[in-house]
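Note that my numbering has the sequence shown beginning at 52, numbered continuously upward. Where a beta carbon is used, it is the ideal one built from N, C-alpha and C, also for glycine.
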Amino acid sequence: MKVIFVEDVPNVGRIGQSKVVADGYARNYLFPRKLAVLADSQVAAAIDAQLKKKMKLRALEEAELAELAKQITGLEITLKAKVGENEKLYGSITTADIAEALSRAAGREIDKRKIELPEPIKQAGVSAVTIRLAHEITAAINVNVISEEAAAEKPEKKEEKVAAKAEKAEKKEKKEKKEQVSEEKPAEAAAGEKPPKEKKTKKAKAQKESAPEPAAAEVKPEKEEKKEKKPRAKAKKEPAAEEKKE
């Protein structure tokens, strides 16, 4: 049976494409889901304009999806699960789980049908997963499944690291303040020091040189007067002695 695809069907046909498919596949899968219509001249004419408009919109959408593929390629999303012996999960990780986590990381909703996962993930660790955003647009991501216990321990370790980092920064700040104070003290001491004794001695010496002669220098004439008085007294005594002789 020949059909015209009105939607992209991965690995089967693209929108606007005419293709012969099995009758059962067309009646049981393509027609009920409105993915294709029967290809005859009457139907083709009716949907031609509609398909052209749809194909134009699809081209714009694919350009956006190509950008999204670049954004998420290589991305690693982490999912928590209960893990038993040999890293086996109690349960499994499905396309719905991956789509939900990926939508949060990408900032836009991604349909779980875009996740190509042959079977649910039942083992802890990293698994490579392909995301088919459009017929020819894919992105490869990594899904890391960890135990719930390990996930609970990680925030505690992170808090410890943050606390240790803060403590280290505080110690460094105290040390820097201490060094700054020790540098300021010698500067203050140097500023408040008294002038050296030598300067005082020089100043005193200069004052002494400019001062008038000491009082002892002025007393000398008095001593000379006394010396002069003594000969006079002696001269008086001599005439008296001469008078007695006479």
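May I ask you to report which of helix, strand or coil DSSP gives E58?
The answer is coil: DSSP assigns E58 none of H, G, I, E or B.
Check whether the Cβ atoms of V134 and I172 sit closer than 8 angstroms, and answer yes or no.
No, these two residues do not count as a Cβ contact at 8 angstroms.
Just the Cα atoms here: how many angstroms apart are G125 and D74?
So the alpha carbons of these two residues sit roughly 41 angstroms apart.
Indicate the three-state DSSP secondary structure (helix, strand or coil) for V63 in the structure shown.
Of the three classes helix, strand and coil, the one that applies to V63 here is coil, per DSSP.
Inspect the beta-carbon positions of I66 and K105 and report whether they are closer than 8 angstroms.
Yes, the Cβ-Cβ distance between I66 and K105 is below 8 angstroms.
Could you name each continuous beta strand (DSSP E) segment of 3 residues or more that falls completely within the stretch 158 to 189, going from the start of the chain to the end?
Counting only runs of 3 or more, we get 172 to 174, 176 to 185.
Name, in chain order, the residues that DSSP records as bridge partners for V134.
V134 is bridged to L140.
Spatial neighbours of T189 within its chain, please: CB distance less than 6 angstroms, with the 5 preceding and 5 following residues excluded, ordered by chain position.
Excluding positions up to five away in sequence, the list reads T181, R183.
Could you name the residues of the same chain whose beta carbon sits closer than 8 angstroms to that of L153, not counting the 5 residues immediately before and after it, in chain order?
Hits under 8 angstroms: I123, L126, I128, I161, I166, I182, I192.
Out of Q231, A114, K223, S198, point me to the one whose CA is closest to N137's CA.
The shortest C-alpha separation from N137 is found at S198.
How far does the beta strand (DSSP E) with L89 in it extend, from its first residue to its last?
87 to 89 is the span of the beta strand (DSSP E), which, as asked, contains L89.
Counting only beta-carbon atoms, is P169 nearer than 8 angstroms to chain D?
Looking at the structure shown, chain D is missing, and only one protein chain is on hand.
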